[in-house]
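Undergrad: Protein chains in written order, with our numbering: chain G, 1 to 560; chain S, 561 to 769.
Note that the Cβ used here is the ideal one computed from N, Cα and C, for glycine as well.
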Amino acid sequence: MAVAAAHVGGIADHIHPEPQGFIRKYIFSLDHKIIGIQYLVTGFVFFVLAGLLAEIIRVQLMHANGGFVSADTYNEVYSIHGSAMVWLVVIPLLTGGFGNLVMPIMIGARDVAFPWLNMLSFWIFPISGLMLFSSFLMGAPVAGWTEYPPMSLQAQGFGTSMWALAIFLVGVSSTLTGMNFLVTMLKMRAPGMTFTRMPLFVWGQLATAPLLMVATTALAAALAALFMERVFGVPFYDPTKGGSPILWQHMFWFYSHPAVYIMILPGFGIISEVLSTFSRKPPFGYRMIAFSSMAIALFGFMVWAHHMFVAGIAPFLQLPFMVLTYAIAVPTGVKIFSWIATLWGGSLRLTTAMLFAIGFLILFTLGGISGVFLAAIPFDMHTNGTYFVVAHFHYVLVGGSLMSIFAGMYYWFPKMAGRLLNEALGKLHFWLFTLGFNGTFLPMHWLGFMGMPRRVATYDPQFQFWNQFESISSFVMTLGILIFFANVLWSIKYGKKSGPNPWGGRTLEWMIASPPPYYNFKHIPKVFARPYDYSQPLPYKGLEEELTTAKPEPVPAGAH
Amino acid sequence: MAVASLAQAGAEFAPHGEVDQLYAETRDLRLLGFLMFLVSDVVLFSSFIFAYLYLRNSGQGWPPPGIGRPDVALAALNSAVLFGSGATMHYALENWKHGKFTRYAAFMIATIILGILFLSGQAVEYTKLYFQEHVSWAGSGIFGASFFTLTGMHGFHVFVGVWYLIVLLLQSVHGVYSKDKYFGLTAGTLYWHFVDVIWVVLFSIFYLI
Numbered sequence: 001m002a003v004a005a006a007h008v009g010g011i012a013d014h015i016h017p018e019p020q021g022f023i024r025k026y027i028f029s030l031d032h033k034i035i036g037i038q039y040l041v042t043g044f045v046f047f048v049l050a051g052l053l054a055e056i057i058r059v060q061l062m063h064a065n066g067g068f069v070s071a072d073t074y075n076e077v078y079s080i081h082g083s084a085m086v087w088l089v090v091i092p093l094l095t096g097g098f099g100n101l102v103m104p105i106m107i108g109a110r111d112v113a114f115p116w117l118n119m120l121s122f123w124i125f126p127i128s129g130l131m132l133f134s135s136f137l138m139g140a141p142v143a144g145w146t147e148y149p150p151m152s153l154q155a156q157g158f159g160t161s162m163w164a165l166a167i168f169l170v171g172v173s174s175t176l177t178g179m180n181f182l183v184t185m186l187k188m189r190a191p192g193m194t195f196t197r198m199p200l201f202v203w204g205q206l207a208t209a210p211l212l213m214v215a216t217t218a219l220a221a222a223l224a225a226l227f228m229e230r231v232f233g234v235p236f237y238d239p240t241k242g243g244s245p246i247l248w249q250h251m252f253w254f255y256s257h258p259a260v261y262i263m264i265l266p267g268f269g270i271i272s273e274v275l276s277t278f279s280r281k282p283p284f285g286y287r288m289i290a291f292s293s294m295a296i297a298l299f300g301f302m303v304w305a306h307h308m309f310v311a312g313i314a315p316f317l318q319l320p321f322m323v324l325t326y327a328i329a330v331p332t333g334v335k336i337f338s339w340i341a342t343l344w345g346g347s348l349r350l351t352t353a354m355l356f357a358i359g360f361l362i363l364f365t366l367g368g369i370s371g372v373f374l375a376a377i378p379f380d381m382h383t384n385g386t387y388f389v390v391a392h393f394h395y396v397l398v399g400g401s402l403m404s405i406f407a408g409m410y411y412w413f414p415k416m417a418g419r420l421l422n423e424a425l426g427k428l429h430f431w432l433f434t435l436g437f438n439g440t441f442l443p444m445h446w447l448g449f450m451g452m453p454r455r456v457a458t459y460d461p462q463f464q465f466w467n468q469f470e471s472i473s474s475f476v477m478t479l480g481i482l483i484f485f486a487n488v489l490w491s492i493k494y495g496k497k498s499g500p501n502p503w504g505g506r507t508l509e510w511m512i513a514s515p516p517p518y519y520n521f522k523h524i525p526k527v528f529a530r531p532y533d534y535s536q537p538l539p540y541k542g543l544e545e546e547l548t549t550a551k552p553e554p555v556p557a558g559a560h
Numbered sequence: 561m562a563v564a565s566l567a568q569a570g571a572e573f574a575p576h577g578e579v580d581q582l583y584a585e586t587r588d589l590r591l592l593g594f595l596m597f598l599v600s601d602v603v604l605f606s607s608f609i610f611a612y613l614y615l616r617n618s619g620q621g622w623p624p625p626g627i628g629r630p631d632v633a634l635a636a637l638n639s640a641v642l643f644g645s646g647a648t649m650h651y652a653l654e655n656w657k658h659g660k661f662t663r664y665a666a667f668m669i670a671t672i673i674l675g676i677l678f679l680s681g682q683a684v685e686y687t688k689l690y691f692q693e694h695v696s697w698a699g700s701g702i703f704g705a706s707f708f709t710l711t712g713m714h715g716f717h718v719f720v721g722v723w724y725l726i727v728l729l730l731q732s733v734h735g736v737y738s739k740d741k742y743f744g745l746t747a748g749t750l751y752w753h754f755v756d757v758i759w760v761v762l763f764s765i766f767y768l769i
């Protein structure tokens, strides 16, 4: 592949020689596609570890008196479970993983703006993950993934400080990725790829990148202060030395509320692509889906104190935060209705990716509705710290983010591997996972109403029936996930060959071979319209060489 | 650094005449990327400034009982030194653009010296606080924590900046930059002005209010 195609057009149209040798090609790769796969593999490894921790929680809660692990260990387990799922699984998979894998191709670029920085971002990520899990060896954090002081200050051992270091580092990785992606999307789009012609997945990344850049840096400050206080005794949060525990909550949620949107906006993008492709209809309200992502990203910075209604903040501050939180439901609702309208009258193909996308629509909407409940101050005061909150954020994070991750895996796996994931196993995965998920988390709503507190190793015996029901359901969910991994491992080698465009997609990544060549495009394409007008000829020029071998027209329904 | 390799690759593989265009495009990317870095650095400072103002307004009056107000005169002198270095940095870049290398080098050296002077002034201030007034980072409550963390972070940025400028000066002596291709110098100037602006805010919130 060592060709130097000397076209006028500068770096954007310049092909590098492909690196040779295993290490430069697959380990310290500069290729955004390889880095994306590295993120996906690493993220799923951490997903297995954090999932095991979740199962420890569920086994412990099989009986009202617990007994599987000690109460202290239980605190460590749910703290690391939450931290790992947020920072090592969902965020890296959706941004570093899928973002790297397809975003540059979708805008018609050969790579991200700063490939070296991209490689650095990736390599920080597994290191910080190992640091986070290593905190088990030195007294892991016990104050939950939010690590509120003063409890996080009183925790013994170096574990909580190690937690702060690890999250700081993975935050650096996120920040660098955000900068890199933002520059890429602003500066490296192919000729004719105007903002309103970008695929909606790219819009999702465009809304996420500034959040990664700005919010994560604020978290870095909070973590640095926590680390300094724990290690050097510099008072920021300790009330006995004049510090304020509420300060941590402000700084933490100023990051962590936008982080909620970091964890869902790229997923919104995946869902938009999948629903459009498998309905063979342009996304209904393209502009509204795109702009509502930006609105959500903007509002996301103005609502953090709704996590703090019971922390004792001034009442005159509470009301605007409640109203602004309600306001976020508007752009989110715009999206939900646009997606439903996309399905309306489409010629649906219920592939596994599509099943996950439709599952996302239902489950995320449920999680969103309980979120609107929680935004109401009186309701929040009643349910704060109960399982109702646990139910809410698992519906948005598992029913939302994780469902979109699975949809993305089934949708783009052929692009990575050149082979399809097995659809029969995929459907089994979907049904076991979805049923198990609802069995696990739906009862938590009423357990929360009945007053079952979260983060406690034992509970009142009256809750035991539903807890056992949840634990058994969680085993079903885990079985579904095991089938997914088996499917991936099997399909890499034995899956059906996919060809370049198995789904009849119209975005640029489907115009090139699977897996794509190192340089993505022989010639940078010119773009004339949005990709989604299925009845029209393809809106690209300059892809003639690719398209002669890669016929873009869809395989008929049922050919999978 | 990423794009430096791109520009090199361009020089190796692209025909003559394309290199300039390659340079222009990599410079655009690098400039935007560098601005993004500065934005996230602004957020880092802003978060600590928020923490400081929050703690300052959490009761007990400011400065907290038992701690005197910081020395405005010394800090004002120090500020003048830093703002002066911003001016010399500006003239250094302007002279480079006009091809006046000697004057450029003189202004660069002046900037570096002023930067070192600022750091020395800060060292004097820290020493006085620690030995005469017994104010320390970890032992003086939220005053010590916020004051030393924020001014220390800023001082660290100046320290890094001084080394950055020294490297840039050596690079320009060795011919890394030309009259039209001097992105490193632009980035260095931006960084130095950024450090200046942060100091305006820190000076106001610690010494003036």
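#1: Chain S beta carbons: is any one of them nearer than 9 Å to that of Leu117 (chain G)?
#2: Given a threshold of 16 other Cβ atoms within 10 Å of its Cβ, counted over all protein chains shown, does Ala375 (chain G) qualify as buried or as exposed?
#3: Does the CB of Asp756 (chain S) have a neighbour CB from chain G at under 9 Å?
#4: Using the Cα positions of Asn438 (chain G) and Tyr148 (chain G), report the straight-line distance between them to the nearest angstrom.
#5: Would you say the segment 124 to 135 of chain G touches the segment 295 to 309 of chain G, given that touching needs at least three Cβ pairs under 8 Å?
#6: Less than 8 Å between the CB atoms is what I'm expecting for Arg58 (chain G) and Thr196 (chain G), so what's the real figure, rounded?
#7: Output, in sequence order along the chain, the residues in the segment 608 to 632 of chain S whose CB is closer than 7 Å to any CB in chain G.
#8: Closer than 9 Å, CB to CB, is Val603 (chain S) near chain G or not?
#9: Three or more C-beta pairs closer than 8 Å, one from the segment 509 to 526 of chain G and one from the segment 188 to 204 of chain G: is that the case here?
#10: Is the segment 298 to 305 of chain G close to the segment 365 to 373 of chain G, with three or more CB pairs under 8 Å?
#11: Would you say Pro561 (chain G) reaches chain S, if we count a Cβ-Cβ gap shorter than 9 Å as a contact?
#12: Going by beta-carbon coordinates alone, are Gly97 (chain G) and Gly36 (chain G) separated by less than 9 Å?
#13: According to DSSP, Tyr540 (chain G) sits in a beta bridge with which residue or residues?
#14: Are any of the Cβ atoms in chain S nearer than 9 Å to that of Phe254 (chain G)?
#15: Can you tell me whether Lys281 (chain G) is buried or exposed, with buried defined as 16 or more other CB within 10 angstroms of its CB?
#16: Less than 9 Å between the C-beta atoms of Ile377 (chain G) and Gln318 (chain G), yes or no?
#17: Taking 9 Å as the CB-CB limit, is Phe597 (chain S) close to chain G?
#18: Taking 9 Å as the threshold (beta carbon to beta carbon), is Glu229 (chain G) in contact with chain S?
#19: Quick one: complete alpha helix (DSSP H) runs, 4+ long, within the segment 399 to 440 of chain G?
#20: Between which two residues does the alpha helix (DSSP H) containing Val89 (chain G) stretch?
#21: Whole angstroms is fine: what's the gap from Ile609 (chain S)'s alpha carbon to Phe716 (chain S)'s?
#22: With 16 as the cutoff for other CB atoms within 10 Å, does Trp344 (chain G) come out buried or exposed?
#23: Any beta carbon from chain S within less than 9 Å of Thr352 (chain G)'s own beta carbon?
#24: What in chain G is Cβ-close to Ile765 (chain S), meaning under 9 Å?
#25: Considering Cα atoms alone, identify which of G:Phe485, G:Phe469, G:Ser135 and G:Pro115 is closest to Ala161 (chain G).
#26: If I measure Cβ to Cβ from Gly285 (chain G) and keep anything under 6 Å in the same chain, skipping five residues before and after, which residues do I get?
#27: Taking Thr711 (chain S) as part of the alpha helix (DSSP H), name the residues at either end of that continuous run.
#28: Can you find a CB in chain S that lies within less than 9 Å of the CB of Val214 (chain G)?
#29: Report the residue from S:Ser639, S:Ala705 and S:Leu615 whose alpha carbon sits nearest the alpha carbon of Leu674 (chain S).
#30: Are the segment 725 to 739 of chain S and the segment 681 to 694 of chain S touching, with three or more C-beta to C-beta distances below 8 Å?
#31: First and last residue of the alpha helix (DSSP H) that includes Phe28 (chain G)?
#32: According to DSSP, is Gly748 (chain S) helix, strand or coil?
#33: Tell me the rounded alpha-carbon separation between Tyr74 (chain G) and Leu200 (chain G).
#34: Indicate the three-state DSSP secondary structure (helix, strand or coil) for Pro17 (chain G) in the structure shown.
#35: Taking only the alpha-carbon atoms, compute the straight-line gap between Ile561 (chain G) and Gly593 (chain S) and give it to the nearest angstrom.
TA: Let me spell this out:
#1: Yes, its Cβ sits closer than 9 Å to a Cβ of chain S.
#2: For Ala375 (chain G), the number of other beta carbons within 10 angstroms of its own is at least 16, and it is reported as buried.
#3: At least 9 Å separates the CB of Asp756 (chain S) from every CB of chain G.
#4: When rounded, the separation of the alpha-carbon atoms in Asn438 (chain G) and Tyr148 (chain G) is 29 Å.
#5: Cβ pair count under 8 Å is below three, so no.
#6: Actually they do not touch by this definition, with Cβ atoms about 46 Å apart.
#7: Hits within the stretch, in order: Phe608, Ala611, Tyr614, Leu615, Ser618, Gln620 and Pro624.
#8: Yes, its Cβ sits closer than 9 Å to a Cβ of chain G.
#9: Yes, the segment 509 to 526 of chain G is in contact with the segment 188 to 204 of chain G.
#10: As far as the Cβ criterion goes, the segment 298 to 305 of chain G does not touch the segment 365 to 373 of chain G, which means the pair count is below three.
#11: With chain G covering only 1 through 560, there is no way to say anything about residue 561 (chain G).
#12: Contact: yes.
#13: Paired residues: G:Val527.
#14: For Phe254 (chain G), the nearest beta carbon of chain S is closer than 9 Å to its own beta carbon.
#15: With 16 or more Cβ atoms within 10 Å of its Cβ, Lys281 (chain G) is classed as buried.
#16: Closer than 9 Å, so yes.
#17: Yes, contact with chain G.
#18: Any Cβ of chain S closer than 9 Å to the Cβ of Glu229 (chain G) would place that residue at the interface, and such an atom is present.
#19: The segment 399 to 440 of chain G contains these whole alpha helix (DSSP H) runs: 403 to 417.
#20: Val89 (chain G) -> no alpha helix (DSSP H), and no H or E assigned at all.
#21: Spanning the two alpha carbons is a distance of roughly 16 Å.
#22: Exposed: under 16 other Cβ atoms inside 10 Å.
#23: For Thr352 (chain G), no CB of chain S lies under 9 Å from its own CB, so it is not counted at the interface with that chain.
#24: Result: empty, since nearest Cβ-Cβ is about 16 Å, beyond 9 Å.
#25: The sequence shown places Ser at residue 161 (chain G), not Ala. Ranking the options by Cα distance to Ser161 (chain G), first place goes to G:Ser135.
#26: For Gly285 (chain G), same chain residues with a beta-carbon under 6 Å away, outside a window of 5 residues either side, are Ser338 in chain order.
#27: That run of the alpha helix (DSSP H) goes Gly701 to Val733.
#28: At least one beta carbon of chain S lies nearer than 9 Å to the beta carbon of Val214 (chain G).
#29: When only C-alpha atoms are compared, the closest one is S:Ser639.
#30: Taking 8 Å as the limit for Cβ pairs, the verdict is that the segment 681 to 694 of chain S does not touch the segment 725 to 739 of chain S.
#31: Note, Phe28 (chain G): premise wrong, no alpha helix (DSSP H); not H, not E.
#32: If DSSP states are grouped into helix, strand and coil, Gly748 (chain S) belongs with the helices.
#33: If you take the alpha carbons of Tyr74 (chain G) and Leu200 (chain G), they lie about 41 Å apart.
#34: Three-state DSSP puts Pro17 (chain G) in coil, outside helix and strand.
#35: Because chain G here runs from 1 to 560, residue 561 (chain G) falls outside it and cannot be looked at.
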